[in-house]
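Notes follow once the structure below has been shown.
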Amino acid sequence: MSADGDTGMSGRHQHALRLAGLTRRFGRRWALRGIDLEVSRGTVLAVLGANGTGKTTLLRILGTLLRPTAGRAEVLGANVTKHPDRVRRLTAMMTPRGYAYDELTGLENLRFAARMGGGAGDASAHRTALARVGLEEAGDLPVRAYSTGMRRRLELARLGLRSPDLVLLDEPFASLDEAGVELVQESIARWRDAGATVLIASHRLAQAGRHANRTVYIEHGRIVEGGPVAGTTHP
Amino acid sequence: MSELARRASAILWKDLVTELRTRQGFSAMLSFAALVLFLFSFAIGPDTELLRRLAGGLLWVAIVFTGTLSLGRAFQSEEVAGGVRLLRLYPDDTRAIYLGKLAANLVLLAVLELVLWPAAAILFQVDLLPHALGLSLVAALGTFGFSTIGTFFSALTVHLRARELLLPLLLFPALIPVILGAVNATDGLLLGDPMGRLGGWVRLLGAYDVILFVVCLWIFPVVLEE
Amino acid sequence: MRAQRVLGGLSLVGVGLGTIAALFLVPADRLQGQVQRLLYVHVPVAWLAELSFFVVFLMSLLYLVQRKLTWDLVALAAAEVGVLCTSLTLILGSLWAKPIWGIWWTWDPRLTTTAILLIIYVGYLIVRSMTDDPDQRARWAAVIGVIGFVQVPIVYLSVFWWRSLHQPPSSPRSMATAFGAVLLLNLAAYTVAFTYLVLRRYRVAQINLELELRGPEEEP
Chain A
154 MSADGDTGMS GRHQHALRLA GLTRRFGRRW ALRGIDLEVS RGTVLAVLGA
204 NGTGKTTLLR ILGTLLRPTA GRAEVLGANV TKHPDRVRRL TAMMTPRGYA
254 YDELTGLENL RFAARMGGGA GDASAHRTAL ARVGLEEAGD LPVRAYSTGM
304 RRRLELARLG LRSPDLVLLD EPFASLDEAG VELVQESIAR WRDAGATVLI
354 ASHRLAQAGR HANRTVYIEH GRIVEGGPVA GTTHP
Chain B
20 MSELARRASA ILWKDLVTEL RTRQGFSAML SFAALVLFLF SFAIGPDTEL
70 LRRLAGGLLW VAIVFTGTLS LGRAFQSEEV AGGVRLLRLY PDDTRAIYLG
120 KLAANLVLLA VLELVLWPAA AILFQVDLLP HALGLSLVAA LGTFGFSTIG
170 TFFSALTVHL RARELLLPLL LFPALIPVIL GAVNATDGLL LGDPMGRLGG
220 WVRLLGAYDV ILFVVCLWIF PVVLEE
Chain C
1075 MRAQRVLGGL SLVGVGLGTI AALFLVPADR LQGQVQRLLY VHVPVAWLAE
1125 LSFFVVFLMS LLYLVQRKLT WDLVALAAAE VGVLCTSLTL ILGSLWAKPI
1175 WGIWWTWDPR LTTTAILLII YVGYLIVRSM TDDPDQRARW AAVIGVIGFV
1225 QVPIVYLSVF WWRSLHQPPS SPRSMATAFG AVLLLNLAAY TVAFTYLVLR
1275 RYRVAQINLE LELRGPEEEP
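Protein chains in written order, with my numbering: chain A, 154 to 388; chain B, 20 to 245; chain C, 1075 to 1294.
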């Protein structure tokens, strides 16, 4: 194993995330300006900041959806630019918009996700995943008929098909009622108990901070403060 | 390899099921194609001999126009669902997306042509049956060539403004060999081939299909990058 | 900078000499008359149109491999100069065809392919103009640059085959015969001018990119 850990092996690395000088620009706009961060495995990290400060960009880079402009990011020992597929296999991501096809049923969407490489493939596993988020009856309805909250739950069910080592949640509490928020918190707890590392990007401290054992704040693409949740106040 | 096939077939299945449930795209294609054929007949006039000679060209123009319409919508469903780039969250080759979409487009066009060719035969009074096998080959080669580059440019332009302008603009030069090859081969079959050039046109079409398919397949992942 | 000025001077002198030679040193063609002199511009410019396309292709490949925006900028410069050359080729072709054949356009395979080349270029430039992010722009432009180039030989072949039965009136290029030295002089002169133009356009593109990337926001 080499000193910097970048062997591409999914061995037991100390850190879940190692970011060094991570930078990303969109034309003239610098969304991330040199993020340095080390997150150990099993952490539930709340990434807080107002909208537009770079949280989503950061998560998208970690999820390999975006290439960094400069700097490097290692997820569970795998470099996001050099071994994106390795990262994808170990990571699950929940985006604010979600991804579901209107004309397919909830079940069919899960089946599609599974066949694309997103986890367990058999129908019973899908039904279980749906039941866990309270969608068991809506499973045979086209997603066209789902409310926004139901769509978010479907997203959660999609994530529930796998056992990822890193979970990236981008604004997971948005558009959810209390019950929905509870479901997300339960999932976070479940992932944590299974030993996964969870990143929660949100602008709401209270919700994101419930299960978090570490917090970072992002402002103008930089980390401004880091530390455990307890004792941290933020307007 | 089978991973690629599994993922491509997942996309193919999804697109076909969606199409079956809405039937939106296909009926739009069908009525548009019928409209084009009829308009051609009226525009050219009642000279049946003229219509017969032009049948090949008119048919392929109708197929290309209609095909371009369906291509414009090929990646729309992905955008509505959340954006085609999110499909990259799944590991492995994004070329599966290209293959799946290409296959779906081919199926749609194949069904369309099953109606169009007989319709053209009736409207333009040409007899297709004696050359059915040859015509099927030409139809397959031409349609494949069209869909190959069409699916590719459709993916590229889905993120651009003025998509409706750009897709035909980019597509047009690429389709010239397809149109020339398909029309001349069709004419060669339907109207006779005194110079024996049919084989050459078919080979041209085949070469085009292979070359463009390989290049598009190879370069596709770049289109989805961010 | 020095190199640029030298090139510029050379281009001016070269094109000037070439034009004088084409107008005065060469007798008028027996069959075509004075119009044939257009050839001395048309042929070099047509060749340059093809060359620039090849440059775009090369630069596109280089960018895809190395991801350095430099290559993309050269491609842009070559593409714009290429549009200029291609348009000139077509206009001169038309101007030549009218007095000789009485029509504005011939379906000569080379001329037709040139027209299609123009459309591909224009598509390339339009896609560029619609993309704001420089990296995204470079990626898509590179893709089109590669695919466009791959298309061209096949397009030419198919048009050639299409027209070969019909014995179309030929284009100025196919008529380029006897007066070789003057033609070569013009060819060289225009190639130098081409290099100069691409270089200058590249410099401008470099500055534009810098402006694009800087802007009011602070640097990291």
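Quick reminder that beta carbons are idealized off the backbone N, C-alpha and C, glycines included.
Less than 7 Å separating the beta-carbons of residue i and residue j?
{"i": "A:E324", "j": "A:S355", "result": "yes"}
{"i": "B:A201", "j": "B:V157", "result": "yes"}
{"i": "C:Y1195", "j": "C:I1218", "result": "no"}
{"i": "B:A11", "j": "B:A93", "result": "Because residue 11 of chain B is not part of the residues shown, which for chain B are 20 to 245, the question remains open."}
{"i": "B:A122", "j": "B:L243", "result": "no"}
{"i": "B:S46", "j": "B:L142", "result": "no"}
{"i": "C:R1202", "j": "C:A1216", "result": "no"}
{"i": "B:L236", "j": "B:A115", "result": "no"}
{"i": "A:G259", "j": "A:G292", "result": "yes"}
{"i": "C:C1159", "j": "C:L1122", "result": "yes"}
{"i": "A:L329", "j": "A:A310", "result": "no"}
{"i": "A:V320", "j": "A:V286", "result": "no"}
{"i": "B:V126", "j": "B:G164", "result": "no"}
{"i": "A:E372", "j": "A:G202", "result": "yes"}
{"i": "A:G272", "j": "A:R315", "result": "yes"}
Could you tell me how far apart the beta carbons of residue i and residue j are, in whole angstroms, since I believe they sit closer than 8 Å?
{"i": "B:L128", "j": "B:S166", "result": "6 Å"}
{"i": "A:A253", "j": "A:V240", "result": "At roughly 23 Å, the Cβ-Cβ gap does not stay under 8 Å, so A:A253 and A:V240 are not in contact."}
{"i": "A:A365", "j": "A:A199", "result": "4 Å"}
{"i": "B:A204", "j": "B:L217", "result": "6 Å"}
{"i": "B:T170", "j": "B:L189", "result": "Actually they are not in contact, since the Cβ atoms of B:T170 and B:L189 sit about 12 Å apart, beyond 8 Å."}
{"i": "C:I1177", "j": "C:A1171", "result": "6 Å"}
{"i": "A:D238", "j": "B:P110", "result": "5 Å"}
{"i": "C:A1120", "j": "C:T1163", "result": "4 Å"}
Hey, how far is the Cα of residue i from the Cα of residue j?
{"i": "B:G91", "j": "B:S173", "result": "6 Å"}
{"i": "C:A1252", "j": "C:Y1137", "result": "Confidence is the limiting factor: at C:A1252 the pLDDT is only 49, short of 50, which leaves the residue's position unreliable, though a coordinate-based value still follows. Their Cα atoms are separated by approximately 42 Å."}
{"i": "A:E289", "j": "A:T281", "result": "8 Å"}
{"i": "C:Q1140", "j": "C:M1133", "result": "10 Å"}
{"i": "C:Q1210", "j": "B:P213", "result": "51 Å"}
{"i": "B:R40", "j": "A:R297", "result": "12 Å"}
{"i": "C:T1188", "j": "C:L1271", "result": "20 Å"}
{"i": "C:L1259", "j": "A:T210", "result": "56 Å"}
{"i": "B:E97", "j": "C:G1156", "result": "36 Å"}
{"i": "B:V134", "j": "A:M269", "result": "33 Å"}
{"i": "A:K208", "j": "C:R1274", "result": "41 Å"}
{"i": "A:D346", "j": "A:L312", "result": "16 Å"}
{"i": "C:S1126", "j": "B:D112", "result": "33 Å"}
{"i": "A:L172", "j": "B:L179", "result": "32 Å"}
{"i": "A:V233", "j": "A:R220", "result": "8 Å"}
{"i": "A:T244", "j": "C:R1184", "result": "54 Å"}
{"i": "C:T1205", "j": "B:V99", "result": "21 Å"}
{"i": "A:L190", "j": "A:A169", "result": "10 Å"}
{"i": "A:A226", "j": "B:L223", "result": "48 Å"}
{"i": "A:Q167", "j": "A:L229", "result": "8 Å"}
{"i": "B:R71", "j": "B:D228", "result": "28 Å"}
{"i": "A:L185", "j": "A:L175", "result": "7 Å"}
{"i": "A:P295", "j": "A:R242", "result": "28 Å"}
{"i": "A:R357", "j": "B:L54", "result": "56 Å"}
{"i": "A:R182", "j": "A:G374", "result": "10 Å"}
Taking 6 Å as the cut-off, does the CB of residue i come closer than this to any heavy atom belonging to the ligand GDP?
{"i": "B:R71", "result": "This structure lacks the ligand GDP, and indeed carries no ligand of any kind."}
Between which two residues does the beta strand (DSSP E) carrying residue i extend?
{"i": "A:Y370", "result": "367-372"}
{"i": "A:V192", "result": "182-193"}
{"i": "A:D323", "result": "319-323"}
{"i": "A:S328", "result": "Note, A:S328: premise wrong, no beta strand (DSSP E); not H, not E."}
{"i": "A:T176", "result": "168-179"}
{"i": "B:V285", "result": "What is shown of chain B runs 20 to 245, which leaves residue 285 of chain B out entirely."}
{"i": "A:G224", "result": "223-228"}
{"i": "A:A354", "result": "350-355"}
{"i": "B:L125", "result": "Unbroken run through B:L125 is the alpha helix (DSSP H), 114-143; no beta strand (DSSP E)."}
{"i": "A:A361", "result": "Run containing A:A361: none in the beta strand (DSSP E); it sits in the alpha helix (DSSP H), 358-362."}
Determine the extent of the alpha helix (DSSP H) in which residue i is found, giving its start and end residues.
{"i": "C:I1174", "result": "1143-1175"}
{"i": "B:L190", "result": "182-210"}
{"i": "C:L1097", "result": "Counting along the chain, C:L1097 falls outside any alpha helix (DSSP H), and DSSP gives it neither H nor E."}
{"i": "B:L35", "result": "21-41"}
{"i": "B:V233", "result": "217-243"}
Which whole runs of the beta strand (DSSP E) in the region 248-325 of chain A are 3 residues long or more, in chain order?
Residue ranges of uninterrupted beta strand (DSSP E) with 3 or more members, entirely inside the region 248-325 of chain A and ordered along the chain, are 319-323.
Whole alpha helix (DSSP H) runs in the region 151-182 of chain B with 4 or more residues, listed along the chain?
The qualifying runs are 151-176.
In chain order, which alpha helix (DSSP H) runs of at least 4 residues are fully inside the region 1174-1248 of chain C?
DSSP runs (the alpha helix (DSSP H)) wholly in the region 1174-1248 of chain C: 1183-1203, 1208-1238.
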